[in-house]
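Inspection log for the structure reproduced underneath, given as structure tokens.
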Amino acid sequence: MEPRIADYITALPEEANRPESAQTELAKLLEELAMRPIPTGRVHRAWSLGTLSAKIAAGWMTTFVRGAFASEKEREREQSEARLRAALTIFGRMGYLRGAVMKVGQLISNYPNLVPRELTEMLANLHFEAPPMHYALLAEHVRHELGGDPDDVFQSFETHAFAAASLGQVHRARSKSGDELAVKIQYPGIGRTIQADFRNMSLLLGPMLLGGDRDNLIEQYSYVRDMMLLELDYQSEARFLERARTALADIDDVVVPRVYTDLSTGCVLSMERLEGLHLAEWLDTDPSQEERNRIADLLFRSTSRLFFSERLCWGDPHPGNVMVLNDGRLGLLDFGSCRAFDDHEWRIITLGVYGYRGGDEEFNESMRVACDLSDKQVADTGRMKYIKDYVSWYWEPMDKLDEAFDFTDPAYIQRGMELFGEGSRKRYTRSHPVNLYNARFLYGIRALAHMMRAQVFVGRIYEEELKRGGI
Amino acid sequence: MKVSREAKRATRKRIVKVAQKLFVERGFDATTTRDLATSADIAKGTLFNYFESKEALAATLVADALELAREDFRGRLRGEEDLQQQLFLHISAGFRRLEPYRTFVGAVLETALSPFAKNGVSSLGDELRIDHLEVVRELTAEQSLDVVRLHLYWSLYLGVAAFWAADESPNQEDTLAVLDESLRVFVLSLSDQGGNSPSRS
Numbered sequence: 143m144e145p146r147i148a149d150y151i152t153a154l155p156e157e158a159n160r161p162e163s164a165q166t167e168l169a170k171l172l173e174e175l176a177m178r179p180i181p182t183g184r185v186h187r188a189w190s191l192g193t194l195s196a197k198i199a200a201g202w203m204t205t206f207v208r209g210a211f212a213s214e215k216e217r218e219r220e221q222s223e224a225r226l227r228a229a230l231t232i233f234g235r236m237g238y239l240r241g242a243v244m245k246v247g248q249l250i251s252n253y254p255n256l257v258p259r260e261l262t263e264m265l266a267n268l269h270f271e272a273p274p275m276h277y278a279l280l281a282e283h284v285r286h287e288l289g290g291d292p293d294d295v296f297q298s299f300e301t302h303a304f305a306a307a308s309l310g311q312v313h314r315a316r317s318k319s320g321d322e323l324a325v326k327i328q329y330p331g332i333g334r335t336i337q338a339d340f341r342n343m344s345l346l347l348g349p350m351l352l353g354g355d356r357d358n359l360i361e362q363y364s365y366v367r368d369m370m371l372l373e374l375d376y377q378s379e380a381r382f383l384e385r386a387r388t389a390l391a392d393i394d395d396v397v398v399p400r401v402y403t404d405l406s407t408g409c410v411l412s413m414e415r416l417e418g419l420h421l422a423e424w425l426d427t428d429p430s431q432e433e434r435n436r437i438a439d440l441l442f443r444s445t446s447r448l449f450f451s452e453r454l455c456w457g458d459p460h461p462g463n464v465m466v467l468n469d470g471r472l473g474l475l476d477f478g479s480c481r482a483f484d485d486h487e488w489r490i491i492t493l494g495v496y497g498y499r500g501g502d503e504e505f506n507e508s509m510r511v512a513c514d515l516s517d518k519q520v521a522d523t524g525r526m527k528y529i530k531d532y533v534s535w536y537w538e539p540m541d542k543l544d545e546a547f548d549f550t551d552p553a554y555i556q557r558g559m560e561l562f563g564e565g566s567r568k569r570y571t572r573s574h575p576v577n578l579y580n581a582r583f584l585y586g587i588r589a590l591a592h593m594m595r596a597q598v599f600v601g602r603i604y605e606e607e608l609k610r611g612g613i
Numbered sequence: 034m035k036v037s038r039e040a041k042r043a044t045r046k047r048i049v050k051v052a053q054k055l056f057v058e059r060g061f062d063a064t065t066t067r068d069l070a071t072s073a074d075i076a077k078g079t080l081f082n083y084f085e086s087k088e089a090l091a092a093t094l095v096a097d098a099l100e101l102a103r104e105d106f107r108g109r110l111r112g113e114e115d116l117q118q119q120l121f122l123h124i125s126a127g128f129r130r131l132e133p134y135r136t137f138v139g140a141v142l143e144t145a146l147s148p149f150a151k152n153g154v155s156s157l158g159d160e161l162r163i164d165h166l167e168v169v170r171e172l173t174a175e176q177s178l179d180v181v182r183l184h185l186y187w188s189l190y191l192g193v194a195a196f197w198a199a200d201e202s203p204n205q206e207d208t209l210a211v212l213d214e215s216l217r218v219f220v221l222s223l224s225d226q227g228g229n230s231p232s233r234s
């Protein structure tokens, strides 16, 4: 059974020295959110890790609240609490425009030392089914964007959305030439609203980023914020879709939807409509182990092809963005939060590969650059052990070339989550910002493989794709 | 010489057409009554036989556009819209027709539609308001609007219109969001009507 919001709150351990006001504010916010409609069906099932995640989310929340204030003086602690309360208030109120909370949730989930990822994902999902745009509003918006009413611009256009998108909604349509389309439409003005929210959040959260790695944290925050803002631009997503579509053209059984550029703008994206089931729905049909392995294999193959050959990170590995088509092919959706690595970022990424394969000295030197560490930090054996553990966890599925890695066991995913928590707790957060994407991508793909209970020859796939990418 | 009714109608039509052109091309403020009279090929004094002021002329343009918009609105109804959507369609149809006049709609709001409007202009404003609210009453027939709700609606409408007239967001997308939220507030107030507030109709 899915955990309820009340379960999350009651799961928070009691502790005398916990700052009560911040906790009370959070509880209030969660209660308020609980009054809103809770989604059912596919989206809700995406919250897939069940009660285990509830416990981890609760633990992380406690760690976050306690850790953030532990070393501060009373006065600073009060100030930080006030900022947290204000940030939570913004967080709660942003639901008036659909998607805003979801975007901020995504930002913070990339930023595990701020708020536990699982908790923010839960908040984001609660807002997924916010009141949709009605057709009269949507038609006016489309007219402004495409120069005509939907009925004039398309051969046909369904008035009711068939899916929610993080910043809008998706409608079925048919082009004048008869092609079946999925048209994603962004809520009018939401992009600039989110930019303003980011500015407010920056002002409030900035002073809370305590500890010796403050500059690095701000750099990471800016990096993610910029990427999130890029995601607001559907024209950017259209370019990533086309790039991915070309790059994956020679992998059989993988489909990236084609973009109809003449029917797309910065906030309307018309794409080829894929027919099939989203991952969670497909899993509900109880596919065989062989089929699950095949789909997971395609997922690892295609995303690592994009990563190593195209230097393109598919930034949002989420069950709602993966489809199994009616003819058995894998469909990849939503390229809005992609990252195309530049030369410097790519060097950071490859250092991680070479460092892991080398000895201790080479590893330390690689991590010094990849994580932007000082001499003192490299000399900190606790920190370096933590990084080594994390990198080992990261590489574990790739270590065996001739053996499928079994993602059925939840222990592997749980260990990864615990490592995130440990890094946050010990403030080992210093890293090049590009690693945020890297980690999110890898963690997301593995969480999907776990959800599929798949066994995948990850080592073999990565070996081949690394070679193909010249690494 | 006595001017026939037909000739008067033709002159009036010519003035309106000229005003439509000059207000859009030169802007409302930059267009003088002398410009209007010259372009319409009449004496300046004659202009005032037809329209009391430049503002009254602008209000006439707006009234004509909104009359056409009411027809557009009826044509755009699909029969499946709820009240909020119907109201949205009604207002947005007006904005579509008023789009060429957006730069001087503010002046009309300040004169014809303002509660402090001058005589003459305000009577046209009254007509505009009555015609608009007649449609709203028709759409909300089941709720039988009281004076409070009507005032709330009209205030929201004028507020959104003023916002739209000055909206610099791309494609005036902020106006769509403001209109959507405003109508949500209004429709919500109707659902609350029977319970918490005394009826004043």
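Chains as they are written, first to last, in this note's numbering: chain A, 143 to 613; chain B, 34 to 234. Where is the CB? At the ideal position from N, CA and C, for every residue including glycine. Note that this is a predicted model, so its numbers are computed, not measured.
For A/Pro330, the closest Cβ of chain B is nearer than 8 Å.
Interface flag for B/Glu201 against chain A is unset, since no Cβ pair is found closer than 8 Å.
Under a criterion of Cβ atoms nearer than 7 Å, no residue of chain A is adjacent to B/Ala174; the nearest Cβ is some 19 Å distant. Assignment of B/Val36 by DSSP, reduced to helix, strand and coil, places it in the coil class. Looking at A/Gly586, A/Gln519, A/Asp502, the one whose alpha-carbon comes closest to that of A/Tyr536 is A/Gly586. A Cβ-Cβ distance of about 4 Å is found for the pair A/Ala305 and A/Val312, placing them in contact under the 8 Å criterion.
DSSP places A/Ile327 in the strand class (E or B) of the three-state scheme. Excluding its 5 nearest sequence neighbours in each direction, A/Thr407 has C-beta neighbours in its own chain below 6 Å: Glu287, listed in chain order. Nearest to A/Leu390 by alpha-carbon distance, out of A/Tyr365, A/Asp375, A/Leu440, is A/Leu440. With contact defined as three or more Cβ pairs closer than 8 Å, the segment 431–450 of chain A and the segment 577–596 of chain A are in contact.
In the DSSP assignment, B/Val138 falls outside any beta strand (DSSP E) and within the unbroken alpha helix (DSSP H) covering 135–143.
Residue pairing for A/Asp548: DSSP places it in a beta bridge opposite A/Gln597. Around the beta carbon of B/Gly158, 16 or more other beta carbons sit within 10 angstroms, so the residue counts as buried. Contact between B/Ala126 and B/Arg109 is confirmed by a C-beta separation of about 6 Å, below the 8 Å threshold. Of all C-beta pairs linking the segment 368–385 of chain A to the segment 472–485 of chain A, three or more are shorter than 8 Å, placing the two stretches in contact. Judged by DSSP in its simplified three-state form, A/Ser317 adopts coil rather than helix or strand. Listed along the chain, the chain B residues whose CB falls inside 8 Å of the CB of A/Glu384 amount to none; the nearest CB is some 24 Å away. The beta carbon of B/Ser222 does not come within 8 Å of any beta carbon belonging to chain A, so the residue lies off that interface. The Cβ of B/Leu142 sits no closer than 8 Å to any Cβ of chain A.
In the displayed model, A/Leu590 falls within a helix according to three-state DSSP. In this structure, the straight-line span from the alpha carbon of B/Glu85 to that of B/Arg67 is close to 14 Å.
For A/Leu309, no chain B residue has a C-beta closer than 8 Å to its own C-beta; the minimum C-beta separation is roughly 13 Å. Below the 7 Å Cβ cutoff, chain B contributes Gln118 as neighbours of A/Tyr277, in chain order. A residue is called buried once 16 or more other Cβ atoms fall within 10 Å of its Cβ, and B/Gly112, having fewer, is exposed. Cβ contact annotation for A/Ile491 (same chain, cutoff 7 Å, sequence separation greater than five): Phe483, Val576, Asn580, in chain order.
In the DSSP assignment, B/Gln176 is bridged to no other residue. Exposed is the label assigned to A/Ile393, since fewer than 16 other Cβ atoms lie within 10 Å of its Cβ.
With a threshold of 8 Å between beta carbons, A/His460 makes no contact with chain B. Taking a Cβ-Cβ cut-off of 9 Å, the neighbours of B/Phe121 in chain A comprise His276, Ala278, Leu279, Glu282, given in sequence order. Residues Phe450 of the same chain have their beta carbon placed closer than 6 Å to that of A/Leu608, with the five preceding and five following residues left out of the count.
Burial of B/Lys87 is indicated by the presence of at least 16 other C-beta atoms within 10 angstroms of its C-beta. Residues of chain B whose Cβ lies closer than 9 Å to the Cβ of A/His286 are, in chain order, Pro203, Asn204, Gln205, Glu206, Leu209. Look at B/His165 here: in three-state DSSP terms it is helix. Check the Cα spacing between A/Leu309 and each of A/Leu416, A/Gln556, A/Arg334, A/Arg572: the tightest is with A/Arg334.
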